[in-house]
Amino acid sequence: MRCGAGQASHDTERLLRQLDFGKPLTKLESTDRERLLEEGIKLLRDKAFQWLGRQNLRIRCDRQDSPSYWVHSILRESEGKSGGRVEQHLVGAKLQKRHPGRAIPNHPGHAGDAQTGRHGDFDVGSNSYHVTANPGRDVIRKCKENVESNRHAVLVVPREKEGHARAIAEDEGIGSRITILALEDFIAENVIEISTENQTDFFATLREIIEEYNRRIEEAETDKALKIDLQ
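Residue numbers (my numbering): 29 to 259.
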């Protein structure tokens, strides 16, 4: 089963549970039940058209800006729309481009570590990468579990949340034992390195990473509007 199909099934089951599997409808008179069903179907149809009509994330990149600023623009455009999925798949795409000989896993954003048997969002060798838009104590404690299992934890967060993540890590006693990176710099460094190695310009390299990102969104997520159009 494709990961995207699995997420759709998960979302459908959650909706049915919220509706108590339609049991309240059995208590209505037939005319009221029919009217409610008609209104519900119309509402669902309108929401479906609205969902399907959404545009991809469109990012305008001034070629004079730095790769780090380009990534910042992506995060700013996706804020409040992705629930951390953009951040996760950007890191996955970056790791795949940096390690072309490895199969970097691609999980939907809602899939927990325990469900997939992984130590973090991405396990590469002895490193476990954790990606989050809003670092809290839970993710820091997952990093702590990595440390206690002799794995190196790498926490990737938006730059504006980097100080907050470090403060929690210090409070949990692992500030010196994990690596915390700003996502903007994490991606930008890769863009610069690959461009230098391949003698290509920065924007061309970023576009390759975004192509891999879009492929991962297509494979793992039901929300295709999370794809990115670079301009």
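We treat Cβ as the ideally placed atom computed from N, Cα and C, and that holds for glycine.
Are E115 and L211 close, meaning C-beta to C-beta below 7 Å? At a Cβ-Cβ threshold of 7 Å, E115 and L211 count as neighbours.
Can you give me the C-alpha to C-alpha distance between L80 and W98, rounded to a whole angstrom? With a pLDDT of 43 at L80, under the threshold of 50, the predicted position of this residue should be treated as unreliable, though the coordinate-derived value follows. Rounded to whole angstroms, L80 and W98 show a C-alpha spacing of 27 Å.
Taking 8 Å as the limit between beta carbons, can you name the residues of its chain near Q259, skipping five residues before and five after? Answer for Q259: R86, I87, R88, C89, listed in chain order.
Run of the alpha helix (DSSP H) containing H100, from where it starts to where it stops: Counting along the chain, H100 sits inside the alpha helix (DSSP H) bounded by residues 95 to 106.
What does a CB cutoff of less than 8 Å around K122 pick up in its chain, not counting 5 residues either side in sequence? Excluding residues within five positions, the ones whose Cβ falls inside 8 Å are F214, I215, N218, I237.
Looking at the secondary structure, which residues open and close the alpha helix (DSSP H) in which S223 lies? Unbroken alpha helix (DSSP H) run through S223: 211 to 226.
By alpha-carbon positions, which one of A248, R179, G112 ends up nearest to I206? The residue from A248, R179, G112 with its alpha-carbon nearest to that of I206 is R179.
Rounded to whole angstroms, what's the CA-CA distance from V152 to Q83? Just pull it up for me. Each residue's Cα considered, the two are about 33 Å apart.
If I'm right that I222 touches I102 with Cβ under 8 Å, what's the distance once you round it to whole angstroms? That belief does not hold up - the Cβ atoms of I222 and I102 are roughly 17 Å apart, past 8 Å.
Between the CA atoms of A181 and T150 - distance to the nearest angstrom: Reading off the sequence, residue 150 comes out as Phe, not Thr. If you take the alpha carbons of F150 and A181, they lie about 10 Å apart.
With N155 as the anchor, note down where its beta strand (DSSP E) starts and where it stops. That run of the beta strand (DSSP E) goes 155 to 159.
Nearest CA to the CA of A195: which residue from S96, R169, K125, P128? Of the candidates S96, R169, K125, P128, the one whose C-alpha sits nearest the C-alpha of A195 is R169.
Going by DSSP in three states, H180 sits in which element: helix, strand or coil? Residue state, collapsed to three classes: strand.
With a threshold of 7 Å between beta-carbons, can H117 be considered close to chain C, or not? Here chain C cannot be found, since the structure has a single protein chain.
Residue burial classification, R91 (beta-carbon count within 10 angstroms, cutoff 16): Under this definition R91 is an exposed residue.
Taking its Cβ as the centre, do 16 or more other Cβ atoms sit within 10 Å of A161, making it buried, or is it exposed? Residue burial annotation: A161 is buried, with at least 16 other C-beta atoms found within 10 angstroms of its C-beta.
Report the rounded CA-to-CA distance for P163 versus P128, giving the unit in angstroms. Cα to Cα, the separation comes out at about 29 Å.
Where do the N-terminal and C-terminal ends of the alpha helix (DSSP H) with D199 fall, by residue? Its alpha helix (DSSP H) spans residues 190 to 199.
Mapping the DSSP letters down to three states, classify T59 as helix, strand or coil. Annotated three-state conformation of T59 is helix, per DSSP.
Contact belief for L118 with H158 at Cβ below 8 Å, rounded distance in angstroms: Actually they are not in contact, since the Cβ atoms of L118 and H158 sit about 14 Å apart, beyond 8 Å.
Using the three-state DSSP reduction, which class does I202 fall into: helix, strand or coil? Assignment of I202 by DSSP, reduced to helix, strand and coil, places it in the coil class.
For K252, collect the residues of the same chain with a Cβ closer than 6 Å to its Cβ; drop the 5 residues on either side in sequence, then sort them by chain order. For K252, where only same-chain residues beyond five positions count, there are no Cβ hits under 6 Å.
DSSP state of R130 mapped onto helix, strand, coil: Three-state result, R130: coil.
Based on the DSSP output, what are the partners of V185 in its beta bridges? Per DSSP, A210.
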